[in-house]
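Asks: Okay, here's the structure, questions in a sec.
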Amino acid sequence: MQDAKEEIKSRLAVEDVVGQYVELKRAGRNLKGRSPWGVDKTPSFMVSPEKGIWHDFSANKGGDIFTFVMEVEGIGFREAMEKLAAQAGVDLAKYRGGDPQVSRKKARAREALALATKYYQICLTRNKNVCEYVFYQRNLNRKTVEEFKIGYSPASGKALTEVLKKHGYTEEELDTAGLLNRFKSDMFRDRMMVPFIDTTGNVIGFTARILKKGEPKYLNTPETLLFNKSRFIFGLHQAKESIRRNGFVVIVEGNMDVISSHQAGVKEAVATSGTAMTEQHLKALSNLTSDIRLAYDGDDAGIKATERAIMLAGDLGIDLTVISDYHGAKDPDELIQKDPALWQAAVQKSVPAVDWLLKKYEESVDLSSAPGKRKYSDIALKLLDYVKDEIERASYEEKVAKKLDVDVAVLREKGERLNKKLEQSSKKYLKKPKTAAKSDTVKKLENSLLALKIFGGVTKVQIPLEIPEDDTRLAELELIFNSEHQLPADSTSYEREARELLTRYNSLVTKQKIKELSEKLDELDENDEEYEKVLREIRNLQKL
9 MQDAKEEIKS RLAVEDVVGQ YVELKRAGRN LKGRSPWGVD KTPSFMVSPE KGIWHDFSAN
69 KGGDIFTFVM EVEGIGFREA MEKLAAQAGV DLAKYRGGDP QVSRKKARAR EALALATKYY
129 QICLTRNKNV CEYVFYQRNL NRKTVEEFKI GYSPASGKAL TEVLKKHGYT EEELDTAGLL
189 NRFKSDMFRD RMMVPFIDTT GNVIGFTARI LKKGEPKYLN TPETLLFNKS RFIFGLHQAK
249 ESIRRNGFVV IVEGNMDVIS SHQAGVKEAV ATSGTAMTEQ HLKALSNLTS DIRLAYDGDD
309 AGIKATERAI MLAGDLGIDL TVISDYHGAK DPDELIQKDP ALWQAAVQKS VPAVDWLLKK
369 YEESVDLSSA PGKRKYSDIA LKLLDYVKDE IERASYEEKV AKKLDVDVAV LREKGERLNK
429 KLEQSSKKYL KKPKTAAKSD TVKKLENSLL ALKIFGGVTK VQIPLEIPED DTRLAELELI
489 FNSEHQLPAD STSYEREARE LLTRYNSLVT KQKIKELSEK LDELDENDEE YEKVLREIRN
549 LQKL
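The working numbering applies: residue 9 is where the sequence shown begins, and numbers increase by one.
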């Protein structure tokens, strides 16, 4: 696909692609703007039209048009490629080296789903009873119905199948698109249809709500070549611009919560459709913003979902908050029906997720009894194990100890005992820890050192970093060098700067290595031969 990538880059100017998201102003040979991730106080986002690259000095990100779209949209390379190819008018089918039959199947499935969406929309306008339900019972306005492409599937078991077959689609193609049931009839009948729209704007499936009594209330498209429920985020296509602009996202439980929220003016709402939150969901959203707010129901299922989200987020280093001021309503949709302004206000009053969950735990047990205290301490300690910051965890430990009316040392001792027991029971199943991700500071120092080595002509200071061969990466480093060194300087000045940066870099890398080895040491038995080896390595590093 390298040829396709180069063809797209030749047709799309970097300033035009970036300019769709960032207001750029001329700054000499380059262009300058504010970070789309909202982390700069002064313009620190640079674009070089000449080299076709960009670099955000505040967020420490950079690259070409593909990396920009991936970062700003929170999508993978393939989706970014398809989005930019569509803008450039490039037919990717000519460049694909993969199985052409699979590509053809996907393309036909997309076309069938797009046609099905239009058919369902037409069916909605022609059915008075369904319009009554959508516009009056659900209180959705015409703009919202059009934005989410809401429609209606007729009660007849072959209505959609017959229409699509007349347009040349085979039964196999409709099955691939997830439009048929096991009897080869229409998957959806007599339901309000809400399309699943991916981040590039293509329909990849549906969620369908029954209009009368019956089960299941909601019926979703099964897993297909296009639809993967572990990755798909409902409403993200409509929400991503507001998320970028306002710097936060609200995760609700239901698809109707999302739709109602958008209509009520809170367009940052999304949902994990038909499945529990996954690591992929959180990673995709954290690419767009670090402010992730949960708005789950306050029932047992909502508490469990919040607990799971906190554990996933803790492993990924993401902080979560919870929206819970529903004024007696059971969920956001019900609150919005009551008064949209109440929902708008609730979104601005989120509290740290751990605080919210600890309070829910307190309400579920009798803290005046010894068994209640034991149960509360068990679940609280399990939760706090996912709070990675030492200061934050210590603060929560003090709160929990106060609730239990015990010394914090007693609580910590129990926590250590529980952890040791857990480690002993699961030790043989533990995997080696993954290499810790480089901190932003380390990455920035690497960029500056490489820029000095390549474009500052630094030779006396031995910088232990390999010069990249990738042209885009080299162009980005040149942009960094020119931005950090506005005025020409002599070689002595560059050598001195490199020496100072290298000292800081080595110190941080050493600390990072010690941290990784310490985590590895925690997993080893003291009688293990490798334990002594790792311990010696840590001590040697500490002497540096």
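Virtual Cβ for every residue (Gly too), placed ideally from N, Cα, C.
Where does the unbroken alpha helix (DSSP H) through L324 begin, and where does it stop?
Replies: Residues D308 to L324.
Asks: Where does Y437 sit, in a helix, a strand or coil, going by DSSP?
Replies: Only weak support exists for where Y437 lies, its pLDDT of 35 falling under 50; the value from the coordinates is given anyway. Helix at Y437.
Asks: Pull up the CB-CB distance for E484 and G70, whole angstroms please, since I reckon it's below 8 Å.
Replies: At roughly 5 Å, the Cβ-Cβ gap stays under 8 Å, so E484 and G70 are in contact.
Asks: What is the C-beta distance between T229 and G213, in whole angstroms, given that I count them as a contact (C-beta under 8 Å)?
Replies: Confirmed, about 3 Å.
Asks: DSSP three-state call for A67: helix, strand or coil?
Replies: Coil at A67, not helix or strand.
Asks: Check this for me: beta carbons of A284 and G82, under 7 Å apart or not?
Replies: No.
Asks: If you reduce the DSSP assignment to three classes, tell me which class D413 lands in.
Replies: Correct three-state label for D413: coil.
Asks: Excluding the five sequence neighbours on either side, which residues of its own chain have a C-beta within less than 8 Å of the C-beta of L20, listed in chain order?
Replies: Correct list, in chain order: I73, L92, Q95 and A96.
Asks: Taking all protein chains shown into account, do 16 or more other C-beta atoms lie within 10 angstroms of the C-beta of K435, making it buried, or fewer, making it exposed?
Replies: At K435, the pLDDT of 42 sits below 50, so the modelled position is not reliable and the matter cannot be decided from this model.
Asks: Less than 7 Å between the beta carbons of A303 and V258, yes or no?
Replies: Yes, they are a contact pair.
Asks: Keeping to the same chain, check which residues put their C-beta closer than 6 Å to that of P203; ignore five residues upstream and five downstream.
Replies: Only T125, K157, V211 and F214 meet the Cβ criterion.
Asks: What does the alpha-carbon distance come out to for the pair K357 and T314?
Replies: If I take the Cα positions, the gap works out to 17 Å.
Asks: How many Å lie between S161 and V171 at the Cα?
Replies: About 12 Å.
Asks: Measure the CB-CB distance between M78 and L487 and report whether it falls below 7 Å.
Replies: No, the pair does not count as a contact, with Cβ atoms beyond the cut-off.
Asks: Please report the straight-line C-alpha distance between L187 and A247, rounded to a whole angstrom.
Replies: Roughly 26 Å separates the two Cα atoms.
Asks: Could you pull out every residue in the same chain whose Cβ sits closer than 8 Å to the Cβ of G273, ignoring the five residues on either side in sequence?
Replies: Same-chain partners within the cutoff: P348 and Q352.
Asks: So for G41, helix, strand or coil by DSSP?
Replies: Residue state, collapsed to three classes: strand.
Asks: Return the chain-ordered ranges of every alpha helix (DSSP H) run that is complete within the segment 382 to 428 and spans a minimum of 4 residues.
Replies: Listed in chain order, they are 398 to 412.
Asks: Starting from the C-beta of K439, find all residues in its chain whose C-beta is less than 6 Å away, skip the five residues before and the five after it, and write them out in chain order.
Replies: The predicted model places K439 with a pLDDT of 40, which falls under 50 and marks its position as unreliable; any figure quoted below should be read in that light. There are no such residues.
Asks: Which one or two residues does DSSP pair with W62 in a beta bridge?
Replies: Partner(s): V55 and G71.
Asks: Could you check if K237 is buried or exposed, using at least 16 other CB atoms within 10 Å of its CB as the buried criterion?
Replies: K237 comes out buried.
Asks: Buried or exposed: S433, going by 16 or more other Cβ atoms within 10 Å of its Cβ?
Replies: Per-residue confidence for S433 stands at a pLDDT of 49, beneath the threshold of 50, marking its modelled position as unreliable; the derived number appears in the next sentence. With fewer than 16 other Cβ atoms within 10 Å, it is exposed.
Asks: Compute the distance between the beta-carbons of M264 and D206, then report whether it is under 7 Å.
Replies: No.
Asks: Note down, in chain order, each residue of its chain lying with its Cβ closer than 6 Å to the Cβ of L227, except the 5 sequence neighbours on either side.
Replies: Excluding positions up to five away in sequence, the list reads A216.
Asks: Residue range of the alpha helix (DSSP H) that T280 falls in?
Replies: First-last for T280: A277 to T280, but that is the beta strand (DSSP E), not the alpha helix (DSSP H).
Asks: Let's test the definition: count the other Cβ atoms within 10 Å of the Cβ of R146 and tell me whether it reaches 16, buried, or not, exposed.
Replies: With 16 or more other Cβ atoms within 10 Å, it is buried.
Asks: Can you tell me whether DSSP reads A444 as helix, strand or coil?
Replies: Summary for A444: the model assigns pLDDT 41, below 50, so the residue's position carries little reliability, and this model does not support an answer.
Asks: Ignore the nearest five residues each way along the sequence and tell me which others in F76's own chain have a CB closer than 7 Å to its CB.
Replies: Within the same chain, F76 has close Cβ partners V25, V26 and W62.
Asks: Cβ of T169 within 7 Å of Cβ of D194?
Replies: In contact: T169 and D194 (Cβ atoms closer than 7 Å).
Asks: So, with DSSP's three-state summary, where would you put N210?
Replies: DSSP places N210 in coil when its eight states are reduced to three.
Asks: Go ahead and label I399 buried or exposed: buried means 16 or more other beta carbons lie within 10 angstroms of its beta carbon, across all protein chains shown.
Replies: Counting Cβ neighbours within 10 Å, I399 comes out exposed, since fewer than 16 surround it.
Asks: When the Cα of D323 is compared with those of R507, K429, P476 and Q288, which residue comes out closest?
Replies: Here the closest residue by C-alpha is Q288.
Asks: Do you know offhand how far V466's Cα is from N295's?
Replies: Spanning the two alpha carbons is a distance of roughly 35 Å.
Asks: Specify the secondary structure class of G380 as computed by DSSP and reduced to three states.
Replies: Three-state DSSP puts G380 in a helix.
Asks: Give the secondary structure of V25 by DSSP, where H, G and I count as helix, E and B as strand, and everything else as coil.
Replies: If DSSP states are grouped into helix, strand and coil, V25 belongs with the helices.
Asks: Would you give the residue range spanned by the beta strand (DSSP E) that I259 belongs to?
Replies: V257 to V260 is the span of the beta strand (DSSP E), which, as asked, contains I259.
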